[in-house]
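> Just so you know, we're using my numbering here: the sequence shown kicks off at 739 and counts up by one.
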Amino acid sequence: KNLLFIKKRMFKKELVIDGKGHLLGRLASYVAKQLLNGQKVVVVRCESMVQSGSLFRNKLKFMEYLRKAILSNPRKGFKHFRAPSKIFFKAVRGMIPRKTSRGEHALARLKVFDGIPAPFDTKKRVVVDDALKVVRLQSHRKFCVLGELAKEVGWRRSAIVSKLETKRMEKTKRYHELKKGKDQMKEKAAGSSSLKNVDKMLQELGYQT
739 KNLLFIKKRM FKKELVIDGK GHLLGRLASY VAKQLLNGQK VVVVRCESMV
789 QSGSLFRNKL KFMEYLRKAI LSNPRKGFKH FRAPSKIFFK AVRGMIPRKT
839 SRGEHALARL KVFDGIPAPF DTKKRVVVDD ALKVVRLQSH RKFCVLGELA
889 KEVGWRRSAI VSKLETKRME KTKRYHELKK GKDQMKEKAA GSSSLKNVDK
939 MLQELGYQT
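#1: Residues in its own chain within less than 8 Å of Ser823 by CB, not counting five upstream and five downstream?
#2: Let me check understanding here. Comparing Cα to Cα, which of Lys806, Leu765, Phe819 lies closest to Leu887?
#3: Look up Gln789 in the DSSP assignment and say whether it is helix, strand or coil.
#4: What are the boundary residues of the beta strand (DSSP E) that Phe881 is part of?
#5: Determine the direct distance from the alpha carbon of Thr838 to that of Lys889, and round the result to whole angstroms.
#6: Given this structure, state the Cα-to-Cα distance separating Ala928 from Lys920, to the nearest angstrom.
#7: With DSSP as the reference, please indicate the residues paired to Ile755 in a beta bridge.
#8: Measuring only the C-alpha atoms, how far is Asp868 from Ile755?
#9: Starting from Val891, trace the beta strand (DSSP E) both ways and give me its first and last residue.
#10: Given this structure, state the Cα-to-Cα distance separating Ser896 from Gly885, to the nearest angstrom.
#11: Could you check where the alpha helix (DSSP H) with Lys849 kicks off and where it finishes?
#12: For Leu933, which beta-bridge partners are listed by DSSP?
#13: From which residue to which residue does the alpha helix (DSSP H) around Phe858 run?
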């Protein structure tokens with residue numbers, strides 16, 4: 739019984755993390771630990787994550803990484819991912835013992851996305867305080883956005899993702915304005931004298947208002 743209580747208190751069905759404004763490595767370490775503990779994690783807006791160091795310096799490091807390949811047949815070597823979501827995935831993968839059964843199952847619990855696709859745009863998203871740039875990086879330090887870095891090194895879906903994100907934000911704004919209007923109407927109706935009289939009559943008849 740105690741174990742079941744702890745499990746219910748610790749785990750959520752699915753943890754949706756908004757990657758915007760998070761430091762790549764710090765968020766990766768948190769996600770890796772959660773995955774190994776058995777939590778399902780979804781990370782959205784990977785293109786808005788940040789890396790410490792200037793764009794120029796990070797691009798030099800990435801280009802050096804792209805040079806690493808098998809000389810006789812480069813297709814047989816490891817993959818150089820360019821998409822921000824895949825770059826983050828590879829960072830998490832390096833923090834997990836992926837060649838063991840435990841690590842394999844942990845990685846299967848991870849989903850990463852550029853932008854916020856349809857199932858997750860209506861779900862509650864959370865942030866990780868310990869991995870936020872504003873908390874961890876001093877204000878005078880240089881940083882670069884992962885989406886900009888990925889675009890510089892060969893990511894070709896930047897325009898599509900930004901276009902879809904603009905559409906999603908417009909849709910969210912319309913929904914928020916509609917909801918705000920409905921809430922104001924409810925407050926106005928609750929404060930009206932005619933409704934108070936109706937509530938009083940219903941209470942006398944035994945109804946709870």
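Every residue, glycine too, gets a C-beta built ideally from N, C-alpha and C. As the structure is a computational prediction, the values presented were derived from the model and not from experiment.
So, from the data block:
#1: Position 85 of the sequence shown, counted from the start, is the residue given in the question as residue 823. So the qualifying residues of the chain are Val781, Cys784, Glu785, Val850, Phe851, Asp852.
#2: Working through the sequence shown from its first residue, we reach residue 887 at position 149. Among Lys806, Leu765, Phe819, the Cα nearest to that of Leu887 is on Phe819.
#3: On the sequence shown, position 51 is the one that residue 789 refers to. It is a strand residue.
#4: Position 143 of the sequence shown, counting from 1, holds the residue named residue 881. Its beta strand (DSSP E) spans residues 881-883.
#5: Here residue 889 corresponds to residue number 151 of the sequence shown, with the count starting at 1. Here residue 838 corresponds to residue number 100 of the sequence shown, with the count starting at 1. In this structure, the straight-line span from the alpha carbon of Lys889 to that of Thr838 is close to 34 Å.
#6: Position 190 of the sequence shown, counted from the first residue, corresponds to residue 928. Position 182 of the sequence shown, counted from the first residue, corresponds to residue 920. Cα-Cα distance, rounded: 12 Å.
#7: In the sequence shown, residue 755 corresponds to position 17, counting from 1. The partner list for Ile755 (beta bridge, DSSP) reads Val781, Val864.
#8: The residue given as residue 868 occupies position 130 in the sequence shown. The residue given as residue 755 occupies position 17 in the sequence shown. Approximately 13 Å, taken between the alpha carbons.
#9: Working through the sequence shown from its first residue, we reach residue 891 at position 153. From DSSP, Val891 is part of no beta strand (DSSP E); its letter is neither H nor E.
#10: If you number the sequence shown from 1, residue 896 lands on position 158. If you number the sequence shown from 1, residue 885 lands on position 147. Going by the C-alpha atoms only, they are around 7 Å apart.
#11: Residue 849 sits at position 111 when you count from the first residue of the sequence shown. From DSSP, Lys849 is part of no alpha helix (DSSP H) but of the beta strand (DSSP E) over 848-850.
#12: The sequence position of residue 933 within the sequence shown is 195, counting from 1. Leu933 is not bridged to any residue.
#13: What you label residue 858 is simply residue 120 of the sequence shown in a count that begins at 1. Segment: none, Phe858 is in no alpha helix (DSSP H) and carries neither H nor E.
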